[in-house]
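Visitor: 118 is the number of the first residue of the sequence shown in this note's numbering; add one for each residue after it. C-beta: ideal position from N, C-alpha, C; glycine also.
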Amino acid sequence: MRARNPGPSGAGPSTGTTTSPRSRTRGWIGRTPVVRVRYRGSGRVSTAGMTCYKPGERSRLIYAVREYRGRKGEPKGFGRRDLRDLLVRARIQLGGPIVLVRGNVRFHLTAGMREFIAANAAWLTVFQLPAYAPDLNPQEGIRSLVKRDLGNLAAADLGRITRAVKRRLKQIRYRPDLADSCLAGTCLITDD
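1. Quick one: which unbroken beta strand (DSSP E) runs of 3-plus residues sit fully inside the stretch 140-204? Chain order, please.
2. How long is the line joining the alpha carbons of R208 and A281, rounded to whole angstroms?
3. Taking the alpha carbon of Q288 as the reference point, which residue from Q245, V263 and D199 has its own alpha carbon closest?
4. Take R161 as the anchor and find which of G147, A236, V182 and M230 has the nearest alpha-carbon.
5. Assuming contact is defined by CB atoms lying nearer than 8 Å, are R290 and L178 in contact in what I supplied?
6. In terms of residue numbering, what span does the alpha helix (DSSP H) encompassing L275 cover?
7. Straight-line CA distance for F244 to R219?
8. Nearest-angstrom Cα distance between A296 and T168?
9. Identify, in the order they occur along the chain, each residue of the same chain with its Cβ nearer than 8 Å to the Cβ of I234, setting aside the five sequence neighbours on each side.
10. Flag this pair as yes or no: are the beta carbons of P255 and C304 separated by less than 8 Å?
11. Can you look up L246 in the DSSP assignment and give me helix, strand or coil?
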């Protein structure tokens, strides 16, 4: 069985063959199945998102997806401006003030983000998660659900990976019980 895949997060050589991580597979008894993957360039798919909870309403998932193809001047991932735009979009969609519980990602802690938070204190309240506490972040549960779905994907190009990530995020968006289960997995309590 041969499959083509640009590789996870651009890892690996730009050409050549390597083995791809698999979440499950079948093979002959006593023979370990090996799937060969041919790389065709590098790339990365980045996501930024928020799980939104409001008492008395269904949970929501607000996200953005970005491809990085290694072109000159192209951003590799999300920055503080992108997070700011995501927060503004969430405020418009939710129609009210936001209490943001954020992780310790580098761009969450920049001076530009602190200025943005101070300038919008009327509708934005921010709490910082403790360092090394992914078990308190419901967004980690969402990330796990997306990655589990991509485990057996053998994509021929970066666009196919991007489409698969967007499709899975959209499925999660329309199943609020999944976002609720990610919150329940953190053992944090919300007042309903």
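Guide: Checking against the coordinates, here is how it stands:
1. 153-155, 161-169 and 177-185
2. 27 Å
3. V263
4. If we check each option's Cα against that of R161, V182 comes out closest.
5. Against a cut-off of 8 Å, the Cβ pair of L178 and R290 comes out as a contact.
6. L275 to R290
7. 6 Å
8. Whole-angstrom Cα-Cα distance: 7 Å.
9. L241 and V243
10. no
11. coil
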